[in-house]
Every structure is written in structure tokens, then in C-alpha cells.
Amino acid sequence: MILLDNFDKNIDFNYPNKDYFVKLKNLKWNKEAKKLLNKIDKIYGKYASTCTDEVFDENPDDGYPILFGIFLSMSWKSLILLTGCSAVNDGRDVMGFDDVVCAFQTYFKLLDLINND
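Residue numbers for the sequence shown follow UniProt numbering, so the first one is 1 and each next one is one higher.
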């Protein structure tokens, strides 16, 4: 939470305290950052429906890949959390455009780490 996209580096840091989580809870959205996140959500949703359509076309008896839906839902919640962490780490009480970008950089770095394992 504190290191964000530097999670894989050997860096000393202070663990988040109660104040960190209070600030995280009280964050607000910048209008432009919220627009960016909504645009990405629409693209992400189109991609997800395309993937599930391909599954049904090739294997109609396999059923809906429920784990894919759960993964997308949890991923989205994680991205919002990472966006908030970026804002709190930089001392802001509003999540901005840069925080959304930082969250996605961290998210994709985590996915790459998972895929390389």
C-alpha cells in the first residue's frame, strides 16, 4: 500500500497506521480522474464480454466462466484501492488523474509478477 509500484524493491518503509486508513476512507474523486476510470471501465467491460462470447462460441457446453467475472470484480476494487493509496501517499485528500495512472501501473506490474511465477 505504501510502496505501490515499488513493492518488488528492497526499500525500508513505515507501515500504514490508523491515520492512513482514516485518510483513505475520507478520499474524494477528482472529476477528470473519475472520467478516466469510467472510460477504462467501459473498455474493460467490452473486452470482458468479447472474451466470454468467444468461450460460448467455441465451447457452448462449458457454461459461463464465473471465475473470470469474480476476477474482474476484485480487480476493479483493487484498482480503486490502489488509486486511493497513491493519493494518500502523496498527501492529497482527492484522487486525481496521476493516482489512476499509478494504480494501473502497479496493477499491471502485479499481474506480470504473478504470470512470471
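Every residue gets a Cβ at the ideal spot worked out from N, C-alpha and C, and that includes glycine. Quantities reported herein were computed from a predicted structural model and do not represent experimental measurements.
Sequence-distant residues of the same chain with beta carbon closer than 8 Å to residue i, five excluded per side
i: GLU32; result: GLY96 and PHE97
i: LYS39; result: none
i: ASN30; result: VAL94, MET95, GLY96 and PHE97
i: LEU110; result: PHE7
i: TYR107; result: SER75, SER78, LEU79 and LEU82
i: LYS28; result: ASP93, VAL94 and MET95
i: residue 123; result: No statement about residue 123 is possible, as the shown extent of the chain runs from 1 to 117 and does not include it.
Assigned exposure category for residue i - 16 Cβ within 10 Å defines buried
i: LEU81; result: exposed
i: SER73; result: exposed
i: GLY84; result: buried
i: ASP90; result: exposed
i: ASP19; result: exposed
i: LEU37; result: buried
i: ASP99; result: buried
Own chain residues within Cβ distance below 6 Å of residue i, not counting five before or after
i: LYS23; result: VAL88
Per DSSP, cross-strand counterpart(s) of residue i
i: MET95; result: TRP29
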